[in-house]
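**Student:**
Protein chains: 2
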Amino acid sequence: MRIVVDAMGSDNYPHPDVEGAVMAARDWGDEIILVGQDGLIERELARYDTAGLKLEIVHAPEVIEMEDEPTKAAREKQHSSMHVGMDLVRTGQADAYFTAGNTGGVLVVATLYTLRRIRGVKRPALATILPLPKGHAVILDIGANADCRPEYLVQFARMGAVYAHALLGRDNPTVALLSNGEEPGKGSMLVKDTYKLLVADSSLHFIGNVEPKEALDSRADVIVTDGFAGNVFLKSLEAMAGMLFDVIKDEITAGLRTKIGGYLAKPAFRRVYKRLDPFEVGGGPLLGVNGVVIVGHGRSNGRAIRNGIGQARQAVQGNVVATLVEALAAS
Amino acid sequence: MRIVVDAMGSDNYPHPDVEGAVMAARDWGDEIILVGQDGLIERELARYDTAGLKLEIVHAPEVIEMEDEPTKAAREKQHSSMHVGMDLVRTGQADAYFTAGNTGGVLVVATLYTLRRIRGVKRPALATILPLPKGHAVILDIGANADCRPEYLVQFARMGAVYAHALLGRDNPTVALLSNGEEPGKGSMLVKDTYKLLVADSSLHFIGNVEPKEALDSRADVIVTDGFAGNVFLKSLEAMAGMLFDVIKDEITAGLRTKIGGYLAKPAFRRVYKRLDPFEVGGGPLLGVNGVVIVGHGRSNGRAIRNGIGQARQAVQGNVVATLVEALAAS
Numbered sequence: 071m072r073i074v075v076d077a078m079g080s081d082n083y084p085h086p087d088v089e090g091a092v093m094a095a096r097d098w099g100d101e102i103i104l105v106g107q108d109g110l111i112e113r114e115l116a117r118y119d120t121a122g123l124k125l126e127i128v129h130a131p132e133v134i135e136m137e138d139e140p141t142k143a144a145r146e147k148q149h150s151s152m153h154v155g156m157d158l159v160r161t162g163q164a165d166a167y168f169t170a171g172n173t174g175g176v177l178v179v180a181t182l183y184t185l186r187r188i189r190g191v192k193r194p195a196l197a198t199i200l201p202l203p204k205g206h207a208v209i210l211d212i213g214a215n216a217d218c219r220p221e222y223l224v225q226f227a228r229m230g231a232v233y234a235h236a237l238l239g240r241d242n243p244t245v246a247l248l249s250n251g252e253e254p255g256k257g258s259m260l261v262k263d264t265y266k267l268l269v270a271d272s273s274l275h276f277i278g279n280v281e282p283k284e285a286l287d288s289r290a291d292v293i294v295t296d297g298f299a300g301n302v303f304l305k306s307l308e309a310m311a312g313m314l315f316d317v318i319k320d321e322i323t324a325g326l327r328t329k330i331g332g333y334l335a336k337p338a339f340r341r342v343y344k345r346l347d348p349f350e351v352g353g354g355p356l357l358g359v360n361g362v363v364i365v366g367h368g369r370s371n372g373r374a375i376r377n378g379i380g381q382a383r384q385a386v387q388g389n390v391v392a393t394l395v396e397a398l399a400a401s
Numbered sequence: 071m072r073i074v075v076d077a078m079g080s081d082n083y084p085h086p087d088v089e090g091a092v093m094a095a096r097d098w099g100d101e102i103i104l105v106g107q108d109g110l111i112e113r114e115l116a117r118y119d120t121a122g123l124k125l126e127i128v129h130a131p132e133v134i135e136m137e138d139e140p141t142k143a144a145r146e147k148q149h150s151s152m153h154v155g156m157d158l159v160r161t162g163q164a165d166a167y168f169t170a171g172n173t174g175g176v177l178v179v180a181t182l183y184t185l186r187r188i189r190g191v192k193r194p195a196l197a198t199i200l201p202l203p204k205g206h207a208v209i210l211d212i213g214a215n216a217d218c219r220p221e222y223l224v225q226f227a228r229m230g231a232v233y234a235h236a237l238l239g240r241d242n243p244t245v246a247l248l249s250n251g252e253e254p255g256k257g258s259m260l261v262k263d264t265y266k267l268l269v270a271d272s273s274l275h276f277i278g279n280v281e282p283k284e285a286l287d288s289r290a291d292v293i294v295t296d297g298f299a300g301n302v303f304l305k306s307l308e309a310m311a312g313m314l315f316d317v318i319k320d321e322i323t324a325g326l327r328t329k330i331g332g333y334l335a336k337p338a339f340r341r342v343y344k345r346l347d348p349f350e351v352g353g354g355p356l357l358g359v360n361g362v363v364i365v366g367h368g369r370s371n372g373r374a375i376r377n378g379i380g381q382a383r384q385a386v387q388g389n390v391v392a393t394l395v396e397a398l399a400a401s
């Protein structure tokens, strides 16, 4: 398998990106193609023992930076590591593309400049695999489409089900619609209209609306929502987790007794982090384009990048794109 | 001051409701009017020493239950504790109304049957005061209006600012718009259009978009959003906090060392709860109707009910309704 890794993706590129690529090459033996400014990548690679690893560099002179406006950058920097990297997938020279870069940039470069939409796909969606106490759930859209129509959400449901099958190994995955109440009549007009379409879709195992609490209890393998609410949902979870850990730390270090308690409880906290850490998942797919594209968090460290590359591998092994083409053609 | 308390509100009515009413009467000396089925309230009240407290019972034979469909129940149960209670406010026999009951029911009974909208208010909004590490923030709408227009959100901003001034003591409160990115161009069409209106509104101290993380860092005194996203935001925070505490407990009790650590750290955890506990706030106001209406959580215990009644007191003392009438007439 040949996986392209954007060396110019993360907030701290190229360090975590190259580190993760080396880890992945070592752990799984795949061919990894690092795309980006070759001088920079070479210098970074020199820090690792890469003997025997299948690492290759493909030069891309331009970089779409985190703070770039996606549409403008995608148009003006057509020799970016995103354009060059996804083109390798488009032309069959590689099987998948991973980046921890500008999400909007990935979207525009993928849909307008390189891989383009799968035939019949109304809107590609960004998904992520949420680590939960009782397993994992695929949630989409988490930000590609702030304004959606019911038909888009039905396609998101189908794409999410394909991904949950391939990545989580679920047969006939359960699909739920994120809402502000569990009853069928609850929700915005978008949610109410989508509900009716999902109920009528015999290809899906639709289990109804879920509120955020139920979305976390693993009753649903796939959680469908528009990109605005999905983004708010996901970022609210992250924000609360961050705030809570900060406040807990604050209060534990406020006195000697609790400090000792915190020290003794440390292994438990480490396990909590590990169980719920999004870096264990490493990223989420852009679903609905002609190729495997996994987008990692800008703040990714080497391990997160490595895990995101791992997800790309699994998506290729699970034949996600071909299955999506089929599932969406059937609709 | 005379405050009406719905004795038939919470999930476990009338126990927490009456308990909280007794606590409030004891703590602040206000007149509390318990409204609901009189026999039930009398039996419940008999459990407390109420000598010297200004407690009164007003009979209301019907109950809008949590599982009732709001519109239907409001129409068919016009002798409910909500109708009777809010009518006491409407007719000037009481200054405020508190309930931990069916939120949809409160909305319908308030806007269509009793208090009705303040002149010029397009849509009343449900707000809540969010307890945060560095203070409090007013967030609205948290569920009254799943589908909104930009003009509604501008009014929510004005109403939220009045409430933040009265309840949190903020002069010229900062107002932010919840979005999926901080830049002005980010968000759904609703958010983008609202952004422009808020920038142009000289009566507001608008500081721009906030993502969930920034919404929790107290830069904004008021966070404005539509009722769908607001509900998802709030419930996601609650869901994550609940999940995290469960997982932490789980991991701490998994071994002896961490168990001892957890025991020693207990006072810290208690302080964390206390700092972020929504029951300390006790509820949120329905803003935009002709009267102070505070809605508590269905799961409220006595202390939460007492604190919700306290919020009603403060809203009356802060002259919230008259200020809202003025602020909205000026728009």
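Protein sequence lines correspond, in order, to chains R and U.
Quick note: the first sequence uses the numbering used here, first residue 71, plus one each step.
Quick note: the second sequence uses the numbering used here, first residue 71, plus one each step.
Every residue, glycine too, gets a C-beta built ideally from N, C-alpha and C.
Within the region 280 to 368 of chain R, note down every full alpha helix (DSSP H) run reaching 4 residues or more, in order along the chain.
**Tutor:** 282 to 285, 297 to 322, 326 to 346
**Student:** So, helix, strand or coil for P243(R), using DSSP?
**Tutor:** coil
**Student:** Is DSSP giving I212(U) helix, strand or coil here?
**Tutor:** The answer is coil: DSSP assigns I212(U) none of H, G, I, E or B.
**Student:** Please name the residue or residues paired with R189(U) in a DSSP beta bridge.
**Tutor:** Partner(s): none; R189(U) has no beta bridge.
**Student:** Comparing the C-beta of E321(R) with each C-beta of chain U, is any distance below 8 Å?
**Tutor:** yes
**Student:** Suppose the cutoff is 7 Å on Cβ atoms and the five residues either side in sequence are ignored; what does the same chain contact list for V154(U) look like?
**Tutor:** V105, V128, A130
**Student:** Measure the alpha-carbon distance for V261(R) versus L247(R) and round it to whole angstroms.
**Tutor:** 8 Å
**Student:** Determine which residues of the region 280 to 294 of chain R have a Cβ less than 8 Å from any Cβ of chain U, and write them out in chain order.
**Tutor:** E281, P282, K283, A285, L286
**Student:** Return the residue from the list G361(R), G278(R), D100(R), Q163(R) that minimises the CA-CA distance to T181(R).
**Tutor:** G361(R)
**Student:** Taking I103(R) as the reference, which of L304(R), R345(R), L123(R), A299(R) has the closest Cα?
**Tutor:** Per the Cα distances, L123(R).
**Student:** For the alpha helix (DSSP H) holding D263(U), just list the boundary residues, first then last.
**Tutor:** 259 to 270
**Student:** In chain U, what lies closer than 8 Å to A311(R) by C-beta?
**Tutor:** M310, L314
**Student:** For a cutoff of 8 Å on Cβ pairs, would you count M71(U) as touching chain R?
**Tutor:** By this cut-off, M71(U) is not an interface position.
**Student:** Exposed or buried, T161(R), counting other C-beta atoms within 10 Å across all chains shown (16 or more means buried)?
**Tutor:** exposed
**Student:** Taking the continuous beta strand (DSSP E) assigned at E126(R), which residues delimit it?
**Tutor:** 125 to 129
**Student:** Less than 8 Å between the CB atoms is what I'm expecting for V245(U) and A227(U), so what's the real figure, rounded?
**Tutor:** Beta-carbon to beta-carbon, V245(U) and A227(U) are separated by about 5 Å, close enough to satisfy the 8 Å threshold.
**Student:** Please list, in chain order, all residues of the same chain as V88(R) whose beta carbon is under 7 Å from its beta carbon, the five residues on each side excluded.
**Tutor:** Contacts found: A77, L104, I111, E114, L115.
**Student:** Looking at the secondary structure, which residues open and close the beta strand (DSSP E) in which Y167(R) lies?
**Tutor:** Per DSSP, Y167(R) belongs to the beta strand (DSSP E) from 166 to 169.
**Student:** Judging by CA-CA distance, which residue of G332(U), G380(U), K329(U) is the nearest neighbour of E350(U)?
**Tutor:** Among G332(U), G380(U), K329(U), the Cα nearest to that of E350(U) belongs to G380(U).
**Student:** Just to confirm my understanding: we take G352(R), look at its own chain, exclude 5 residues before and 5 after, and list those with CB closer than 6 Å. What are they?
**Tutor:** Around G352(R): G366, A374, N377, G378, Q381.
**Student:** Within 8 Å (strictly less), CB to CB, does P337(R) reach chain U?
**Tutor:** yes
**Student:** For T19(R), which residues of its own chain have a beta-carbon under 6 Å away from its beta-carbon, when the five flanking residues on both sides are left out?
**Tutor:** Any answer about residue 19(R) is impossible in this case: the structure gives chain R only from 71 up to 401.
**Student:** Please list the residues of the region 255 to 281 of chain U that have a C-beta atom closer than 9 Å to any C-beta atom in chain R, keeping them in chain order.
**Tutor:** G255, K256, G257, S258, M259, L260, V261, K262, E281
**Student:** Which class does R72(R) belong to by DSSP, given the choice of helix, strand or coil?
**Tutor:** strand
**Student:** What three-state label does DSSP hand L431(U) in the structure shown?
**Tutor:** No answer is possible for residue 431(U): it lies beyond the span of chain U, which begins at 71 and ends at 401.
**Student:** Within 8 Å (strictly less), CB to CB, does S370(R) reach chain U?
**Tutor:** For S370(R), the answer is no, since every Cβ of chain U falls outside 8 Å of its Cβ.
**Student:** Does L346(R) have its Cβ less than 8 Å from a Cβ in chain U?
**Tutor:** So yes, L346(R) belongs to the interface.
**Student:** Of the residues V176(R), N82(R), A170(R), K204(R), which one's Cα is nearest the Cα of K142(R)?
**Tutor:** With respect to the C-alpha of K142(R), the residue from V176(R), N82(R), A170(R), K204(R) having the closest C-alpha is V176(R).
**Student:** For V390(R), which residues of its own chain have a beta-carbon under 7 Å away from its beta-carbon, when the five flanking residues on both sides are left out?
**Tutor:** V232, Y233, A236, V362
**Student:** For S258(R), does the count of other Cβ atoms within 10 angstroms reach 16, so buried, or fall short, so exposed?
**Tutor:** buried
**Student:** With which residues is T173(U) paired in a DSSP beta bridge?
**Tutor:** DSSP output for T173(U) lists no bridge partner at all.
**Student:** Should S288(U) and A207(U) be called a contact, given that it needs their Cβ atoms to be closer than 8 Å?
**Tutor:** yes
**Student:** Along chain R, which residues have their Cβ under 7 Å away from the Cβ of N172(U)?
**Tutor:** Result: empty, since nearest Cβ-Cβ is about 12 Å, beyond 7 Å.
**Student:** Please classify S273(U) as buried or exposed, where buried requires at least 16 neighbouring CB atoms within 10 angstroms.
**Tutor:** exposed
**Student:** Identify the continuous alpha helix (DSSP H) that holds A374(U) and give its terminal residues.
**Tutor:** 372 to 387
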